[in-house]
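Notes follow once the structure below has been shown.
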Amino acid sequence: GSGDSIIFSVIGADDLRTTTKILNDGNAIIPLLGPVKLRGLTVSNASKYLENLLSKELINPKVEIFITENRPIKISVIGEVSKPGIYKLNTQTNDLPTVITAIEEAGGVSKFADLTNIKLSRLISGEERSFKKTNLNFKNLIFKGDQSQNPFLFDGDIIEIKKVKNLDKDILSIASTSLSPNLI
786 GSGDSIIFSV IGADDLRTTT KILNDGNAII PLLGPVKLRG LTVSNASKYL
836 ENLLSKELIN PKVEIFITEN RPIKISVIGE VSKPGIYKLN TQTNDLPTVI
886 TAIEEAGGVS KFADLTNIKL SRLISGEERS FKKTNLNFKN LIFKGDQSQN
936 PFLFDGDIIE IKKVKNLDKD ILSIASTSLS PNLI
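Following my numbering, the numbering of the sequence shown begins with 786 at its first residue and continues without gaps.
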């Protein structure tokens, strides 16, 4: 995506090796080709795509692409959190951001948050703007240790925490977890 830095090389053609950034328009400047749109492609798909384009200039090119610097991802946290909004989460560390990371950045959940029905909407790659949606249950994460309820985040994800409809004793026990600010 835009902001990623990559190393581009063709096996056996060291003079074509270059480090480039994916620009805001999704293009990267590639030797012999000029600007080529790579945004939205996986590393593997981008390599195959560039091999196809370079096959008009070279005999049987084998392209290697390595991501040297990931851009921060932008996600939205809306609903029952202290500071709803858009957040940039760093992807340079060894710890990839998760839903909990985003909730912590948003100041924790409010005392009215329904943590049994958190909606995660993920932007599907492609030209159309469409989303795949899933519901997460943090009650299972907190009380049963179910880590599948805390997935890694991708650029464009939207986390929505709705207001609880019925208050019960579990809501109060969840409110005292590390997902809540100290003031609750």
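Cβ coordinates follow ideal geometry from the N, Cα and C atoms, glycine included.
A quick note: this is a predicted structure, and the numbers were derived from the prediction, not measured.
How should S794 be labelled, buried or exposed, when 16 other C-beta atoms within 10 angstroms of its C-beta is the threshold for buried?
buried
Which residue comes first and which comes last in the beta strand (DSSP E) that contains T901?
898-909
Label I944 either buried or exposed according to how many other C-beta atoms from any shown protein chain fall within 10 Å of its C-beta, with 16 as the threshold for buried.
buried
Alpha helix (DSSP H) segment containing E889, residue limits:
884-890
Would you call P820 buried or exposed, if buried means 16 or more other Cβ atoms sit within 10 Å of its Cβ?
exposed
Who are the near neighbours of G941 in its chain, counting only those whose CB is closer than 6 angstroms to its CB and skipping five residues on each side?
L908
Which whole runs of the alpha helix (DSSP H) in the region 791-836 are 4 residues long or more, in chain order?
none
Helix, strand or coil for S895? Go by DSSP, reduced to three states.
coil
Is there contact here, the region 845-857 with the region 826-834, by at least three beta-carbon pairs under 8 angstroms?
yes
Out of curiosity, what's the CA-to-CA distance linking T886 and K841?
46 angstroms
Rounded to whole angstroms, what's the CA-CA distance from V931 to N922? Just pull it up for me.
A small fix is needed here, since residue 931 is Asp in this sequence, not Val. Rounded to the nearest angstrom, the two C-alpha atoms are 9 angstroms apart.
My assumption, with CB atoms under 8 angstroms, is that K947 sits in contact with D880. Please give the rounded CB distance.
Contact flag wrong, Cβ pair sits at about 27 angstroms.
Rank V949, F916, T876 by C-alpha distance to the C-alpha of I903 and give the top, closest one.
V949
If you pair each beta-carbon of the region 811-826 with each one of the region 853-866, do three or more pairs fall below 8 angstroms?
no
Going along the chain, which residues of its own chain have a beta-carbon closer than 8 angstroms to the beta-carbon of D789, five neighbours each way excluded?
K806, I807, I852, E854, N855, R856
Segment limits, alpha helix (DSSP H) that includes F928:
923-929
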